[in-house]
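Written below as C-alpha cells is the structure these notes are about.
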Amino acid sequence: MLDIQEKMKEIGPYVPAEDDDILVCRCEEVTKGEIRKAVHDGMTTIEELRRFTRCGMGLCQGQTCGRLVKSIVARELHVRPDEVEPATSRTPMRPIEMKVAGRDGGYAG
Amino acid sequence: MKMTRYDLIVIGAGPAGLSAAIVAAKAGIKPVVYDENARPGGQLFKQIHKFFGSKEHMAKVRGFRIGEQLLAEAEAAGVKVVLNATVIGLFPEKEVLVRIGDEVSHVKGDAILIATGASENMVSFRGWTLPGVMGAGAAQTLMNLHHVKPGENVLMLGTGNVGLVVSYQLLQAGCQVKAVVDAAPRIGGYGVHASKLARTGVPFYLSHTIKEAEGTDHVTGVTIAEVDEHFQFIKGTEKHIEVDTICVAVGLSPMTQLLKMSGCEMKDTRGGYLPVCDAYGQTSIPGIFAAGDVSGIEEASSAMIEGRMAGYAIAEYLGFISSRERASEEEVQKASLDALRQGMFAPENRGKKIETTEEGIRISENLLTHGFVADDEISRFPGVTRKTGIHPVMECTQNIPCNPCQDACSKGCIAIGENITALPSVISGKECIGCGMCVASCSGQAIFLEEEDVADGMGEVTIPYEFLPLPAEGDTGYGLGRDGRIVCSASVSRVRTLKAYDHTALVTLRVPMEHLHETRFYRAQ
Chain A
0 MLDIQEKMKE
10 IGPYVPAEDD
20 DILVCRCEEV
30 TKGEIRKAVH
40 DGMTTIEELR
50 RFTRCGMGLC
60 QGQTCGRLVK
70 SIVARELHVR
80 PDEVEPATSR
90 TPMRPIEMKV
100 AGRDGGYAG
Chain B
0 MKMTRYDLIV
10 IGAGPAGLSA
20 AIVAAKAGIK
30 PVVYDENARP
40 GGQLFKQIHK
50 FFGSKEHMAK
60 VRGFRIGEQL
70 LAEAEAAGVK
80 VVLNATVIGL
90 FPEKEVLVRI
100 GDEVSHVKGD
110 AILIATGASE
120 NMVSFRGWTL
130 PGVMGAGAAQ
140 TLMNLHHVKP
150 GENVLMLGTG
160 NVGLVVSYQL
170 LQAGCQVKAV
180 VDAAPRIGGY
190 GVHASKLART
200 GVPFYLSHTI
210 KEAEGTDHVT
220 GVTIAEVDEH
230 FQFIKGTEKH
240 IEVDTICVAV
250 GLSPMTQLLK
260 MSGCEMKDTR
270 GGYLPVCDAY
280 GQTSIPGIFA
290 AGDVSGIEEA
300 SSAMIEGRMA
310 GYAIAEYLGF
320 ISSRERASEE
330 EVQKASLDAL
340 RQGMFAPENR
350 GKKIETTEEG
360 IRISENLLTH
370 GFVADDEISR
380 FPGVTRKTGI
390 HPVMECTQNI
400 PCNPCQDACS
410 KGCIAIGENI
420 TALPSVISGK
430 ECIGCGMCVA
440 SCSGQAIFLE
450 EEDVADGMGE
460 VTIPYEFLPL
470 PAEGDTGYGL
480 GRDGRIVCSA
490 SVSRVRTLKA
500 YDHTALVTLR
510 VPMEHLHETR
520 FYRAQ
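Line by line, the protein sequences are chains A and B. With numbering that gives the first Met the number 0, letter number 49 in the first sequence gets 48, and the count goes up by one each step, no holes. With numbering that gives the first Met the number 0, letter number 144 in the second sequence gets 143, and the count goes up by one each step, no holes.
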C-alpha cells in the first residue's frame, strides 16, 4: 500500500511546466497541468483522478486520454505506467442516453 | 420473466469473433454475435492491401476480401450476427447487458467470447485537438469505407505497420504525404512497407516528433523537432511543414473494459492492460474467453487463428466436441499461429535491435532510418541477382513470415523453403518467363523483373504499380530510385493488368542500362 505522505515528500512540490495548458482529456476539458497538480494534491490512482478532475469521465470514457493520463501520473510519481493503479470498469461501458438506459427490456432478449 | 439464453455470446464481429463463431457453429453451437458497428468485419474491410503470411493465412489476398470470405462462411454456418448492438455491461453469471436500438436488454450465455478489439492511442502535443488531427485508423475509415479524402497534405506520426500502410493508402487516395515521423530512432514496421513510400519520394524523419500543430479552426501546419535518447526536444532542430492533416499511428490499446468488469484477472503489460488467459483465450473465469487484439495486439491474420482456437476451446467447454477432437484441431491452429509469430517482428523481438538476418546477413541500416535499402547494400541479399535474361529481383531483406512469391512462380525460380520467414532466393538453372506473378504476389511490393540489354544500351525493369491513373504504353517520364529521387528518364514499354494480379498493375520501364538496377518507381513527366 502506498504511503501517500511519504510519496508526496518524495516527489516534491508541483512545479509548473511550459506545456501545462495542453488539453489531455478532450471530453471533460482537463489540462495536463490540472492532472499534474492533482497528483501533488494526493491523487495517485486513476480512480481518484477521475473523481477529482473528471478526466476520463466524459463521452469517450477515457478511451482516448486514459493512456496519456496514466503516463502523466507515472512520470509525476516517478514510477512505471504499469505501476499506476487503473480505474474500475463499470457499466455502461459506452455512453448511453438516460431514456434508453431507463427502457430496460429486462430479460426479454 | 423468461431470460433469453445462448450457448455462446460473442462480443465483436471482427476477425477473431467471427472466426470463433464459425468454428462454434460448425460444432453445433448456436452462437449470437453482437457488434456495435453498422457493418461486421471489424477492421478487415478497411484493409485494401494484400496480407502477409502463407497460403493457409490467406497471404496475398487483400484484407477486405478476407472479410468477405469470413462473412460468407459465417452466414453459411448459420452464425447470427446482430449489428448496432452495443454491449455495455458484463455481470456475474455471464449476464450481458446489450443495447439494441432504443432499448437495453439482458441475455445470458453459457460461454462468452470477448473479441472487442482495440482502440487507437493518441499523443497530446500543442494543437492536437484541432480538426485535422486524427488517428491513422480514422483516416483509413474515411478513405476506404466512406470514400472521403481525409485531407490534401498529410503528416503521419508513427512508423509501425499501421502508419506505413495508411500512409501508402493516403498516397493511393491522392493525398500528399509530406513526412512520416517517429520519435523512435528506427522504423518500427516492415521495411518493405517503408520502401513502398520511400520510392515515391516520401521523406522519413526518425528521432523526431510533433512539437505543435498550428491553426485556429483546423490544422494549417505542423512543427516537428528532433528528440534525444530521452525523447526530449533538441533545441534548434525545429522543422515546419505545411499540412492540413496529421495522422497519428502510435499504437493501439486493447478494449478490455468488459473483461475487467466481469472480474477476470488482469495484468498491466507494455502491450496494454490485458486479461490473463491461456493460449486458447480462456480467462481466469471458466467460460469467459478472449481472442484477437483484446487479448494482445497483433495482426488480423493472428486474430482469426486465435478466434478459431477459442472456438474449439469453447466447443469443448460446452461439451460439443471431445477433448481429443479439440486437441487435434488446436494443434493445426497452433502451428499456423506459431508460423506467423516468427521472424524479426515476432512478439518476443518487440523493441529489440536486430543486426543480422536469420541467414547471417547484415540488416540494411538505411532501411531502418530512411525507409529504403541503399544502392550499395542491396546486392548482399539473396533475392538480388544480376544476369542478362529476364529474372526476378527480390528486394526482401527482413525475416517476415511470408511466402506467396514461392508459390506464385510456376517455373520454380523462387525458393524460400519450409521456414516461411527465410529470405527468398533465385534458383539458378530455372527459367524465368517474365509472367510477373511473383511481382504481383508480393504483399510488400518488393519484387521487380529486370532484363538487361533489351536494346542498345537499354534495359527493362518491371515494377508493381498500385496507383491510378495507370501510365499508358509509350508514355515517357522519370525512373525514380529506391530513395524516390529521379535517376533517369524512362519510357513505359508495357502495362499489364491481369485478373490474376489482383489490381497490382505491372509497369515495364525502359531505362538506360546504367540505371536499371536503381530504377524502382515511375513518375509521369
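For glycine and all other residues, C-beta sits at the position ideal for the given N, C-alpha and C.
Neighbour list for residue i in chain B, Cβ cutoff strictly below 9 angstroms
i                     : result
residue 43 of chain A : None at all; the shortest Cβ gap to chain B is about 15 angstroms.
residue 18 of chain A : 123, 124 and 125
residue 22 of chain A : 123, 127 and 128
residue 31 of chain A : 123
For residue j and residue i, believed in contact at Cβ under 8 angstroms, the rounded distance
i                      : j                      : result
residue 220 of chain B : residue 240 of chain B : 7 angstroms
residue 189 of chain B : residue 397 of chain B : 7 angstroms
residue 92 of chain A  : residue 260 of chain B : 7 angstroms
residue 206 of chain B : residue 182 of chain B : 7 angstroms
residue 175 of chain B : residue 151 of chain B : 6 angstroms
residue 518 of chain B : residue 460 of chain B : 5 angstroms
residue 107 of chain B : residue 92 of chain B  : 7 angstroms
residue 114 of chain B : residue 271 of chain B : 15 angstroms between Cβ atoms; not a contact.
Bridge-paired residues (DSSP) for residue i
i                      : result
residue 447 of chain B : B:392
residue 281 of chain B : B:288
residue 24 of chain A  : A:29
residue 29 of chain B  : Residue 29 of chain B pairs with nothing; no bridge assigned.
residue 175 of chain B : B:152
residue 273 of chain B : B:266
residue 132 of chain B : B:245
residue 339 of chain B : Paired residue(s): none; residue 339 of chain B is not in a bridge.
residue 81 of chain A  : Residue 81 of chain A pairs with nothing; no bridge assigned.
residue 180 of chain B : B:156 and B:204
residue 414 of chain B : B:424
residue 454 of chain B : B:457
residue 232 of chain B : B:226
residue 79 of chain B  : B:31
Cross-chain neighbours of residue i in chain B, by beta carbon under 8 angstroms
i                     : result
residue 49 of chain A : Within chain B, no residue comes near residue 49 of chain A; the closest Cβ sits about 13 angstroms away, beyond 8 angstroms.
residue 58 of chain A : By Cβ distance, chain B contributes nothing, its closest Cβ being about 14 angstroms from residue 58 of chain A, past 8 angstroms.
Neighbour list for residue i in chain B, Cβ cutoff strictly below 7 angstroms
i                     : result
residue 62 of chain A : 118
residue 25 of chain A : 128
residue 7 of chain A  : Under the 7 angstroms cutoff, chain B gives no residues; its nearest Cβ is about 23 angstroms from residue 7 of chain A.
residue 66 of chain A : 120 and 252
residue 95 of chain A : 87 and 98
Continuous beta strand (DSSP E) stretch holding residue i: start and end
i                      : result
residue 240 of chain B : 238-240
residue 500 of chain B : Neither: residue 500 of chain B is in no beta strand (DSSP E) and is coded neither H nor E.
residue 246 of chain B : 244-247
residue 105 of chain B : 102-113
residue 479 of chain B : 475-479
residue 86 of chain B  : 84-90
residue 494 of chain B : 485-495
residue 119 of chain B : 117-119
Limits of the alpha helix (DSSP H) - the one that residue i falls within
i                      : result
residue 195 of chain B : 190-197
residue 513 of chain B : Per DSSP, residue 513 of chain B belongs to no alpha helix (DSSP H) and is neither H nor E.
residue 67 of chain B  : 62-75
residue 463 of chain B : Counting along the chain, residue 463 of chain B falls outside any alpha helix (DSSP H), though it belongs to the beta strand (DSSP E) covering 457-464.
residue 253 of chain B : It is not in any alpha helix (DSSP H) - residue 253 of chain B instead sits in the beta strand (DSSP E) that spans 251-253.
residue 52 of chain A  : 45-52
residue 304 of chain B : 299-316
Outcome for residue i when other beta-carbon atoms lying within 10 angstroms are tallied against a minimum of 16
i                      : result
residue 258 of chain B : buried
residue 34 of chain B  : buried
residue 29 of chain B  : exposed
residue 327 of chain B : exposed
residue 161 of chain B : buried
residue 391 of chain B : buried
residue 60 of chain A  : buried
residue 418 of chain B : exposed
residue 501 of chain B : exposed
residue 338 of chain B : buried
Partners in chain A for residue i, counting only beta-carbon separations shorter than 9 angstroms
i                      : result
residue 33 of chain B  : Per Cβ cutoff of 9 angstroms: no residues; residue 33 of chain B is ~12 angstroms from chain A at best.
residue 133 of chain B : Those within 9 angstroms of residue 133 of chain B in chain A number zero; the least Cβ separation is about 11 angstroms.
residue 260 of chain B : 87, 88, 89, 90 and 92
residue 69 of chain B  : The contacting residues do not exist; residue 69 of chain B stays about 24 angstroms from chain A at best.
Beta-carbon neighbours of residue i, restricted to chain A and to distances below 8 angstroms
i                      : result
residue 102 of chain B : 99, 102, 103 and 104
residue 79 of chain B  : Correct list: empty, because the minimum Cβ distance to chain A is about 12 angstroms.
Chain A residues whose Cβ lies nearer than 7 angstroms to that of residue i
i                      : result
residue 181 of chain B : Near residue 181 of chain B there are no residues of chain A at all, since even the closest Cβ is about 17 angstroms away, more than 7 angstroms.
residue 256 of chain B : 88 and 92
Contact test: residue i Cβ vs the ligand HEM heavy atom, cutoff 8 angstroms
i                     : result
residue 53 of chain B : With respect to the ligand HEM, the structure offers nothing, as it holds no ligand at all.
Chain-ordered residues of the region 68-84 of chain A with a beta carbon less than 7 angstroms from chain E: Among the chains of the structure shown, chain E does not appear; the protein chains present are A and B.
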